[in-house]
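Participant:
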Amino acid sequence: FKSMAAHNQLVDYLEEQFSGYYMRRPINVWMTSLEEIWASGRRLIIGYDYSSIVSTRSSVWPQVGQQWGNVRTISTLYKHLSKIERQASDDSFT
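Per the numbering used here, residue 1413 is the first one in the sequence shown, and the count goes up by one each step.
Laid out in structure tokens, this is it:
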């Protein structure tokens, strides 16, 4: 989009169309369990790949980064995923 207004218009539209279905982003978004999501009674999570919108709109959740890696062999994939796992466990202590 060429402007923040366009992003906001899209989010306004999504909020209107899915008002009874989407779950608002919790404060501690990455610590939200599947159990909490199910308990909310809402079945839609709207992810958005633009941090300026995510930080100002509670209806959208941050993007989920893919962890696959651009690798061509099983052994390289294993190394990549092990590295991601180590980083995630290191991050959980900070």
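C-beta atoms are modelled at their ideal positions from N, C-alpha and C, and glycine is treated no differently. These numbers come from a predicted model, not from an experiment.
Quick check: V1423 and V1472, are their CB atoms within less than 8 Å of each other?
Facilitator: As a working note, residue 1423 is residue 11 in the sequence shown. As a working note, residue 1472 is residue 60 in the sequence shown. It is a contact, given that the beta carbons lie within the stated cut-off.
Participant: Which stretch, first to last residue, makes up the alpha helix (DSSP H) that contains I1465?
Facilitator: Locating residue 1465 in the sequence shown gives position 53, counting from the first residue. It spans 1463-1466 - the alpha helix (DSSP H) in which I1465 sits, taken as one unbroken run.
Participant: Any contact between the segment 1476-1487 and the segment 1435-1444? By contact I mean 3 or more CB pairs, one from each, below 8 Å.
Facilitator: No: fewer than three Cβ pairs fall under 8 Å.
Participant: Please say whether Y1433 and L1456 have beta carbons closer to each other than 8 Å?
Facilitator: Working through the sequence shown from its first residue, we reach residue 1456 at position 44. Working through the sequence shown from its first residue, we reach residue 1433 at position 21. In this structure, Y1433 lies closer than 8 Å to L1456 by Cβ.
Participant: According to the neighbour-count rule (16 or more other Cβ atoms, all chains shown, within 10 Å of its Cβ), is R1498 buried or exposed?
Facilitator: By one-based count along the sequence shown, residue 1498 stands at place 86. The residue is exposed, with fewer than 16 neighbouring Cβ atoms inside 10 Å.
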